[in-house]
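Protein sequences appear in the order of chains A and B. Here the numbering used here is used: the first residue of the first sequence is 14, the next is one more, and so on. Here the numbering used here is used: the first residue of the second sequence is 15, the next is one more, and so on. Using N, Cα and C, we set each Cβ at its ideal position, and we do this for glycine too. Nothing here was measured: the structure is a model prediction, and the numbers come from that model.
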Amino acid sequence: MTALFQRLMNIDRRWLYLLVGLAAVIPILLPLNLPVNVAQSVQDLYDRVESLPAGSVVLASFDYGPSTGPENDPMADAFLRHCLARDLKVLCIALYPLGGVTEGAEELQRAVGPLDPANGVLESTAFPGKFYGRDFVYLGYKDGGQATMRQMGENVHAVFPREYYQAPVTDYELSNQVRGYGDVSFVMSFATGIIGEWWANLVNAQYGTPVAVGCTAVSAPKYFAYYKAGQMFALLPGLKGAAEYEYLVKQKYGQIAEATAADVYNAGKGWDVQSIVYTIITLFIVIGNVGFLLERRQRRS
Amino acid sequence: MFRKRIPLLLTFIAGMLPILSFLFRGPALRDEDPTGNGILHVSDTFERWMVILAAAALLLGVVNVFQVNLRKISNRAQGWPYALVFLLALTITGFFGLWDAFSRASNTAWYAHAAYNWIVEAGFKPLQATMFSLLAFYVASAAFRAFRVRNVEAAILLAAALLIMLGVNPYVVRALPFLPDLTQWTLNIPNAAAQRGIIIGAALGAASMALRILIGIERSYLGLQKGE
Chain A
14 MTALFQRLMN IDRRWLYLLV GLAAVIPILL PLNLPVNVAQ SVQDLYDRVE
64 SLPAGSVVLA SFDYGPSTGP ENDPMADAFL RHCLARDLKV LCIALYPLGG
114 VTEGAEELQR AVGPLDPANG VLESTAFPGK FYGRDFVYLG YKDGGQATMR
164 QMGENVHAVF PREYYQAPVT DYELSNQVRG YGDVSFVMSF ATGIIGEWWA
214 NLVNAQYGTP VAVGCTAVSA PKYFAYYKAG QMFALLPGLK GAAEYEYLVK
264 QKYGQIAEAT AADVYNAGKG WDVQSIVYTI ITLFIVIGNV GFLLERRQRR
314 S
Chain B
15 MFRKRIPLLL TFIAGMLPIL SFLFRGPALR DEDPTGNGIL HVSDTFERWM
65 VILAAAALLL GVVNVFQVNL RKISNRAQGW PYALVFLLAL TITGFFGLWD
115 AFSRASNTAW YAHAAYNWIV EAGFKPLQAT MFSLLAFYVA SAAFRAFRVR
165 NVEAAILLAA ALLIMLGVNP YVVRALPFLP DLTQWTLNIP NAAAQRGIII
215 GAALGAASMA LRILIGIERS YLGLQKGE
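If you want it as structure tokens, here you go:
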């Protein structure tokens, strides 16, 4: 028995890589549709979106880049769809450079369908009757982090004089309407790193604006302190949070999922992969420790 | 004297203004026009400048990156070809990015936009995603080799890690339905308590450093040594 564990402990790491690789690829090709257990922090966001009256404005900030896209993209996608299905208006911005370069406009187009506001293509194909500028708008990226957040509290138009496609913000009904945090029902930040914390300890603390954050799994333990303190009313922790939120949205608005491209609503697939990889890592940690303890006992005796 | 005193005075004023504007911004003043109050107005102007300064800092970063890597290439230091590739990538991406940004206002040069998008979509995004994906392999290997019950602290850490990983595992949760509650409790109570301690400690450290800068004790940002 000890010999078996010792052999496992000294296993070539390439076998481990192969196993993790297979565990990542197979569930993508053959989705397992594993069940999800919805956490309260995720349910809180869903309930808040469900409880807002039609026409309410929410501010969505794309504070992440491609590296955390697999975690943040699906939550942003499910959130945008949920808001538009509930007839809420979404004002989008980005405070992370790569969010402005790659994620914001791309994610918005992924959720609502191809747009070309510069050439007058404003209507969403995924949500017919919803228009860029009236129901959703993307102001783009602004550098400055906390200073930008503070400045937005005083005057959004001074920070974003033009929207992403270079039209003056006053040209569009939605962006013209929002002047400060008082004009939005809450802020939703899809965050990598520290930006989600800034929303809580600056915008929530100083302006009283409710803040929710969809963060990466690695940042989630820190964000739970803010969630439990009430500085964030909801928290989507990593891919798990995305899968749970997506599950809730799909349960009630299934027709939206059917009307969209195949690559949308992929948090479930991602969660399948992550669950299997977690299982493998857990098993190997247990094997490693059993082997370690057996070896130590043998050495002592 | 001017080299030291004037920057210190400017720092003091720039640091105190936002603090004063925050203190005098009572609930009654919050919705008023910022231009109606002197401190608020100046503070807001400073914040606008800070947004511009933050953008300018990016430029400083680019200049610094160029200096460091050019030196590496000219000295033929170890790994200099990577520095060359890096600088080429930076220059080409920057060129198309700037061209795209400047031409977008007039909606011309769609090819600049297409080229920049192609660089980002076909080059940068996959590379960043690959770097991040590799973590899964390294984490698996490192966890297997290093996560050992060597002492009590390591045992507690391991127990917490297993609890979190098992508590989100659909298969395990089906067999042990009480586990998600235990996982959530771990995150909400001991984890949040420890995180709060860390956050409060870091905030106090940042506040004391800010105070040292404001009252001129900390001067290293001016390039001055201790006692200068």
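Collapsed DSSP secondary structure at residue i in the structure displayed
i        : result
A/LEU104 : strand
B/SER234 : helix
A/GLY68  : coil
B/SER57  : helix
A/LEU154 : Note on residue identity: the sequence assigns Tyr, not Leu, to residue 154 of chain A. If DSSP states are grouped into helix, strand and coil, A/TYR154 belongs with the strands.
A/ASP148 : coil
A/PHE173 : coil
A/PRO87  : helix
A/ASP60  : helix
B/PRO194 : helix
B/PRO1   : Chain B is shown only over 15 to 242; residue 1 of chain B falls outside these bounds and no answer can be derived.
B/PRO32  : helix
A/SER198 : coil
B/ASP45  : Only weak support exists for where B/ASP45 lies, its pLDDT of 48 falling under 50; the coordinates are left without a value.
B/PHE161 : coil
A/SER314 : coil
A/PHE75  : strand
A/ILE298 : helix
A/PRO44  : coil
B/LYS139 : helix
B/VAL79  : helix
B/THR144 : helix
Residue i to residue j span [Cα, whole Å]
i        : j        : result
B/ALA68  : B/ILE227 : 19 Å
A/PRO174 : B/ILE87  : 42 Å
A/VAL33  : A/ALA91  : 27 Å
A/ALA280 : A/MET88  : 8 Å
A/ALA251 : B/ALA71  : The sequence shown places Gly at residue 251 of chain A, rather than the Ala named in the question. Those two C-alpha atoms are separated by around 31 Å.
A/VAL299 : A/ILE293 : 10 Å
A/ALA150 : B/GLY219 : Position check: residue 150 of chain A holds Val in this sequence, whereas Ala was assumed. Their backbone Cα atoms lie some 39 Å apart in a straight line.
A/SER64  : A/ASP196 : 17 Å
B/GLN142 : A/PRO79  : 6 Å
A/GLY159 : A/TYR194 : Correcting the residue identity first, residue 159 of chain A is Gln in this sequence and not Gly. Each residue's alpha carbon lies about 14 Å from the other.
A/ALA171 : A/VAL103 : 19 Å
B/GLU232 : B/MET223 : 8 Å
B/LEU23  : B/MET64  : 18 Å
B/ASP45  : B/PHE161 : Only weak support is given to the placement of B/ASP45: the predicted model assigns it a pLDDT of 48, under 50, and the question is left unresolved by the model.
A/GLY227 : A/SER314 : 51 Å
A/ARG123 : A/PHE203 : 16 Å
A/ASP156 : A/TYR109 : 7 Å
A/ALA218 : A/GLN244 : 7 Å
B/LEU272 : A/TYR291 : Outside the displayed span of chain B (15 to 242) sits residue 272 of chain B, for which this structure offers no information.
A/TRP212 : A/GLU257 : 23 Å
A/VAL169 : A/GLU176 : 11 Å
A/GLU81  : B/ARG17  : One detail in the question is off: residue 81 of chain A reads as Thr in this sequence, not Glu. Roughly 45 Å between the two C-alpha positions.
B/SER117 : A/VAL191 : 28 Å
B/ALA126 : B/THR105 : 14 Å
B/TYR235 : A/GLU136 : 51 Å
A/TYR239 : B/LEU112 : 38 Å
B/GLY181 : B/LEU172 : 14 Å
B/GLY29  : B/ILE212 : 25 Å
A/LEU261 : A/VAL62  : 12 Å
B/LEU193 : B/GLY108 : 50 Å
B/ALA154 : A/LEU29  : 7 Å
Exposure of residue i, with buried meaning 16 or more beta-carbon neighbours within 10 Å
i        : result
B/ALA42  : In this predicted model, B/ALA42 has a pLDDT of only 48, less than 50, meaning its place in the structure is not dependable; the value taken from the coordinates is given anyway. Exposed is the call here.
A/LYS143 : buried
A/TYR236 : buried
A/ILE208 : buried
A/MET201 : buried
A/ILE106 : buried
A/ARG163 : buried
A/THR229 : buried
B/PHE36  : exposed
B/ASN89  : exposed
Residues that DSSP places opposite residue i in a beta bridge
i        : result
A/GLY227 : A/PHE203, A/LEU249
A/TYR291 : In the DSSP output, where bridge partners are listed per residue, A/TYR291 has none listed.
A/VAL134 : A/ASP129
A/PRO181 : A/ARG175
Minimum Cβ-Cβ distance from residue i to chain C less than 8 Å
i        : result
A/SER198 : In the displayed structure, chain C is absent; the protein chains listed are A and B.
Contact set between the segment 58 to 74 of chain B and chain A, restricted to residues whose Cβ is under 7 Å from the partner
ASP58, GLU61, ARG62, MET64, VAL65, ALA68, ALA69, LEU72
Short-range partners of chain B found in the segment 72 to 94 of chain A, where Cβ spacing is below 9 Å
GLY78, PRO79, SER80, THR81, GLY82, PRO83
Listed from N- to C-terminal order along the chain, which residues in the segment 218 to 236 of chain A have their beta-carbon within a distance smaller than 7 Å of any beta-carbon of chain B?
Interface annotation for the segment 218 to 236 of chain A against chain B: PRO234, LYS235, criterion Cβ-Cβ distance under 7 Å.
Can you give me, in chain order, the residues of the segment 201 to 229 of chain B that have a beta carbon less than 7 Å from any beta carbon in chain A?
LEU201, ASN202, ASN205, ALA206, GLN209, ARG210, ILE213
Taking a Cβ distance cut-off of 9 Å, strictly less, list which residues of the segment 93 to 125 of chain A are near chain B, in chain order.
Taking 9 Å as the Cβ-Cβ cut-off against chain B, the residues of the segment 93 to 125 of chain A that qualify are PRO110, LEU111, VAL114, THR115, GLU119.
Name the residues in the segment 22 to 34 of chain A whose C-beta lies less than 9 Å from a C-beta of chain B; which are they?
MET22, ILE24, ARG26, LEU29, TYR30, LEU32, VAL33, GLY34
Can you list, in chain order, the residues of the segment 42 to 59 of chain A whose Cβ is nearer than 7 Å to any Cβ on chain B?
Cβ contacts with chain B: LEU47, PRO48, ASN50, ALA52.
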